[in-house]
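Residue numbers (our numbering): 0 to 580.
One structure is given here, and the rest of the page talks about it.
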Ligand code: M6R
């Protein structure tokens, strides 16, 4: 989704802004722009498409020391130069991340303004200009804005009359302040500023920010002394380090991620799980798939009733909370709008929340009652891999904590994960056999079906091959009609208790001509004519088996997308963090 970076300092602002934006590319965008002060005025440069277009358009040498930049992920109006940010109305130029829900009504009220774009953001810009003309003071304007704008917004604003300042405000959209040496930043996300400073300030909703050579933050009408924190992410997490893609780099980081996740799992920080009668897991996308693994493990290893929900559905469903419900929210970014809303709903009902979140200081991390940080570090690839792995590790750790199981043998686990990643040639061969296909099925039962869902999502999002994951036993209730000679199936068999049943289902599709790629736990494998290709998965403790099983699925998706020449780290239409509904 949209990304914001702003700069006030003593260096070349356009270059710093474009560099910052390039580190936000992973969030997903379709156009980009900057505003910077030079020759006694604010200048705007906007380009459609990649940041490289913007880089070509900005002045190489610039005396400008102040500016704001933006990557746009279209919501209102097609991706083009006019709709891209910054927008200017009167004396105000701004960039916006979020959605202004009442922009149509506001636009009518702002009839004196001429709007060039189709965006809601330009309407917010006109509103702020109108208020500025009336009040003559930006602080007061920004204190009034929350009562007039509905929806979500992070705004970075410059005013013609104050060329040395940036103003900012946020509501439900992420925005942090970066504190450098004689330079200050605003940014949507850590990577935008990580190569400039590690010191940052978190903002509350509606904080009014005035950024110059000093940082002023007004909260509820009073200036506050901000708390400066320090990121523990390393700069090299935001560079490729010799890998072709961030996705591949992040897959290779997984052994370390699992180690960190296990080592940092501090049981003292958690709620007493057994005091809850009901656990509701809520998340989106891959985080939801990680939740499914949690559902399976907690159900199997404890007596607590567990349910799972897609956050965009959960927020609108009827809730039967009782005081003994714990809501677990899983999110890499900690900013996913629907997941964040889940926290609000639970809190409103006085229900305890536990967040499993990767990004430090993100909205969900700050709003939940209990928090476990997943230790994936900075994840750049839109297709999540290492954050998912960290989430399912945490699910295993939680289940074993409740069930009072022995500590995991992390050395063996990590060695096994490394050995699975290293079988690249096998995944490449599988990719060769599927990359020309347009449809594919994943089948499995129980936890293997849940892993199939994740494998299917990975393949869809980066290779654009249509795929569906099915519970193997459900196929004959309709979907098996789609099987024709050569239809590819990836069949997952790691759950011993149900392996025979799944193998029967595999034989059913094989008998109808399907081309079967069998992913099977090595000790369950028996040679036969029910598969075409086989990948043997080393055996792990049942609780941690998914960690080894999902990696081939990640790498098959990766190799397949590569053969289809897809833009692996920035798949079309997708954003890394979905901050709008
Ligand atoms: O940041 P979150 O974990 O809340 O994001 C949830 C989904 O948007 C995310 O997992 C998405 O499905 C990934 N692109 C999948 O790879």
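Using N, Cα and C, we set each Cβ at its ideal position, and we do this for glycine too.
(message) Quick check on this structure: which residue in 153, 227, 188 and 253 has the alpha carbon closest to the alpha carbon of residue 207?
(response) As a first step, residue 207 must be located in the chain shown, where it is residue number 208. The residue from 153, 227, 188 and 253 with its alpha-carbon nearest to that of residue 207 is 153.
(request) Could you check which residue in 40, 321 and 332 has the C-alpha nearest to that of residue 347? (result) In the chain shown, the residue the question calls residue 347 occupies position 348. It is 321 whose Cα lies nearest to the Cα of residue 347.
(message) By DSSP's criteria, residue 406 is part of a beta bridge. Which residues make up the other side?
(response) Mapped onto the chain shown, residue 406 falls at position 407. Answer by DSSP bridge pairing: none, since residue 406 is not bridged.
(message) Let me check you understand the geometry: is the CB of residue 456 closer than 7 Å to at least one non-hydrogen atom of the ligand M6R?
(response) To locate residue 456, count along the chain shown from 1; it is residue 457. Checking every heavy atom of the ligand M6R against the Cβ of residue 456, one is found closer than 7 Å.
(request) Compare the C-beta of residue 224 against all C-beta atoms of chain C and say whether one is closer than 8 Å. (result) No chain C appears in the structure shown, which is made up of a single protein chain.
(message) Using DSSP's beta-bridge definition, name the partner residues of residue 488.
(response) By one-based count along the chain shown, residue 488 stands at place 489. Partner residues in the beta bridge of residue 488, as assigned by DSSP, are 440 and 515.
(request) State the DSSP-derived secondary structure class of residue 570, mapped to helix, strand or coil. (result) Taking the first residue of the chain shown as 1, we reach residue 570 at position 571. In the three-state reduction of the DSSP assignment, residue 570 falls in the coil class, being assigned neither a helical nor a strand state.
(message) Does residue 392 pass the burial test, meaning 16 or more other C-beta atoms within 10 Å, or should it be called exposed?
(response) Here residue 392 refers to the residue found at position 393 of the chain shown. Counting other Cβ atoms within 10 Å of its Cβ, residue 392 reaches 16 or more and is therefore classed as buried.
(request) With DSSP as the reference, please indicate the residues paired to residue 92 in a beta bridge. (result) If you number the chain shown from 1, residue 92 lands on position 93. DSSP lists 87 and 157 as partners of residue 92.
(request) Check whether the Cβ of residue 466 lies closer than 7 Å to any heavy atom of the ligand M6R, and answer yes or no. (result) Position 467 of the chain shown, counted from the start, is the residue given in the question as residue 466. Because no heavy atom of the ligand M6R lies under 7 Å away, the Cβ of residue 466 does not count as near it: no.
(message) Taking 7 Å as the cut-off, is the beta-carbon of residue 553 closer than that to any non-hydrogen atom of the ligand M6R?
(response) In the chain shown, the residue the question calls residue 553 occupies position 554. No, since every heavy atom of the ligand M6R falls outside the 7 Å radius drawn around the Cβ of residue 553.
(request) Can you give me the start and stop residues for the alpha helix (DSSP H) that residue 455 sits inside? (result) By one-based count along the chain shown, residue 455 stands at place 456. Unbroken alpha helix (DSSP H) run through residue 455: 446–462.
(request) Measure the Cβ-Cβ separation of residue 401 and residue 441 and say whether it is below 8 Å. (result) Residue 401 sits at position 402 when you count from the first residue of the chain shown. Residue 441 sits at position 442 when you count from the first residue of the chain shown. The criterion of a C-beta distance shorter than 8 Å is not satisfied by residue 401 and residue 441.
(message) Rounding to the nearest angstrom, what Cα-Cα distance links residue 5 and residue 191 in this structure?
(response) Residue numbering aside, residue 5 sits at position 6 when the chain shown is read from its first letter. Residue numbering aside, residue 191 sits at position 192 when the chain shown is read from its first letter. Distance between residue 5 and residue 191, taken at the CA atoms: about 10 Å.
(request) Please state if the CB of residue 36 and the CB of residue 1 are separated by a distance shorter than 8 Å. (result) The residue you call residue 1 lines up with position 2 of the chain shown. The residue you call residue 36 lines up with position 37 of the chain shown. Not closer than 8 Å, so no.
(request) Report back the beta-carbon spacing between residue 159 and residue 7 to the nearest angstrom; my notes put them in contact at under 8 Å. (result) Residue mapping note: residue 159 aligns to position 160 of the chain shown, counting from 1. Residue mapping note: residue 7 aligns to position 8 of the chain shown, counting from 1. With a contact defined as Cβ atoms closer than 8 Å, residue 159 and residue 7 miss out at about 16 Å.
(request) Take residue 95 as the anchor and find which of 224, 195 and 31 has the nearest alpha-carbon. (result) The sequence position of residue 95 within the chain shown is 96, counting from 1. Comparing C-alpha distances from residue 95 to each of 224, 195 and 31 shows the shortest one belongs to 31.
(message) So for residue 581, helix, strand or coil by DSSP?
(response) With the chain covering 0 to 580 only, the question about residue 581 has no answer from this structure.
(request) Select from 336, 329, 377 and 399 the residue whose C-alpha is nearest the C-alpha of residue 370. (result) In the chain shown, residue 370 corresponds to position 371, counting from 1. The shortest C-alpha separation from residue 370 is found at 329.
(request) Mind checking which residues open and close the beta strand (DSSP E) that includes residue 45? (result) Position 46 of the chain shown, counted from the first residue, corresponds to residue 45. Unbroken beta strand (DSSP E) run through residue 45: 40–47.
(message) Since residue 155 and residue 127 should fall inside the 8 Å C-beta cutoff, what is the C-beta to C-beta distance between them, to a whole number of angstroms?
(response) The sequence position of residue 155 within the chain shown is 156, counting from 1. The sequence position of residue 127 within the chain shown is 128, counting from 1. Approximately 12 Å separates the beta-carbon atoms of residue 155 and residue 127; this is outside 8 Å, ruling out the contact.
(message) Rounded to the nearest angstrom, what separates residue 131 and residue 304 at their Cα positions?
(response) Your numbering for residue 131 matches position 132 in the chain shown. Your numbering for residue 304 matches position 305 in the chain shown. So the alpha carbons of these two residues sit roughly 55 Å apart.
(message) Comparing C-alpha positions only, which one of 363, 317 and 357 sits nearest to residue 338?
(response) Within the chain shown, residue 338 is the residue found at index 339, counting from 1. In terms of Cα proximity to residue 338, the closest of 363, 317 and 357 is 363.
(message) For a quick check, are the C-beta atoms of residue 89 and residue 82 less than 8 Å apart?
(response) Counted from its first residue, the chain shown places residue 89 at position 90. Counted from its first residue, the chain shown places residue 82 at position 83. Judged by their CB atoms, residue 89 and residue 82 are not nearer to each other than the 8 Å cut-off.
(message) On a Cα-Cα basis, can you pick out the residue from 68, 24 and 48 that is closest to residue 15?
(response) Taking the first residue of the chain shown as position 1, residue 15 is located at position 16. The candidate whose alpha carbon is nearest that of residue 15 is 68.
(message) Please list the terminal residues of the continuous beta strand (DSSP E) segment that includes residue 470.
(response) Along the chain shown, one-based indexing puts residue 470 at 471. Element bounds for residue 470: 465–470.
(request) Report the rounded CA-to-CA distance for residue 574 versus residue 23, giving the unit in angstroms. (result) Counting from one through the chain shown, the residue named residue 574 turns up at place 575. Counting from one through the chain shown, the residue named residue 23 turns up at place 24. Rounded to the nearest angstrom, the two C-alpha atoms are 11 Å apart.
(request) Inspect the CB distances between the region 548–557 and the region 443–462 and report whether three or more fall short of 8 Å. (result) The count of Cβ pairs closer than 8 Å, one atom from the region 548–557 and one from the region 443–462, reaches three, so the stretches are in contact.
(message) Spatial neighbours of residue 533 within its chain, please: C-beta separation below 6 Å, excluding the five flanking residues on both sides.
(response) For the purposes of this step, residue 533 is taken as residue 534 along the chain shown, with counting starting at 1. Only 517 meet the Cβ criterion.
(message) Short of 6 Å in beta carbon distance, which residues of its chain neighbour residue 290, apart from the five on each side in sequence? Order them along the chain.
(response) As a first step, residue 290 is located in the chain shown; it is residue number 291 there, counting from the start. So the qualifying residues of the chain are 280, 282, 307 and 329.
(message) Going by C-alpha to C-alpha distance, which of 406, 336 and 331 sits closest to residue 314?
(response) Translated into the one-based positions of the chain shown, residue 314 becomes position 315. From the listed residues 406, 336 and 331, the smallest Cα separation to residue 314 is found for 336.
(message) Please classify residue 202 as buried or exposed, where buried requires at least 16 neighbouring CB atoms within 10 angstroms.
(response) Here residue 202 refers to the residue found at position 203 of the chain shown. Buried, since its Cβ has 16 or more Cβ neighbours within 10 Å.
(message) Taking 8 Å as the threshold (C-beta atoms), are residue 374 and residue 260 in contact?
(response) Residue numbering aside, residue 260 sits at position 261 when the chain shown is read from its first letter. Residue numbering aside, residue 374 sits at position 375 when the chain shown is read from its first letter. Judged by their CB atoms, residue 260 and residue 374 are nearer to each other than the 8 Å cut-off.
(message) Whole angstroms are fine: how far does the CA of residue 426 sit from the CA of residue 549?
(response) Within the chain shown, the letter at position 550 stands for residue 549. Within the chain shown, the letter at position 427 stands for residue 426. Rounded to whole angstroms, the gap between the alpha carbons of residue 549 and residue 426 is 12 Å.
(message) If I follow the unbroken beta strand (DSSP E) through residue 539, where does it start and stop?
(response) As a working note, residue 539 is residue 540 in the chain shown. Counting along the chain, residue 539 falls outside any beta strand (DSSP E), and DSSP gives it neither H nor E.
(message) Let me check you understand the geometry: is the CB of residue 291 closer than 7 Å to at least one non-hydrogen atom of the ligand M6R?
(response) In the chain shown, counting from the first residue as 1, residue 291 sits at position 292. Result no, Cβ not under 7 Å from the ligand M6R.
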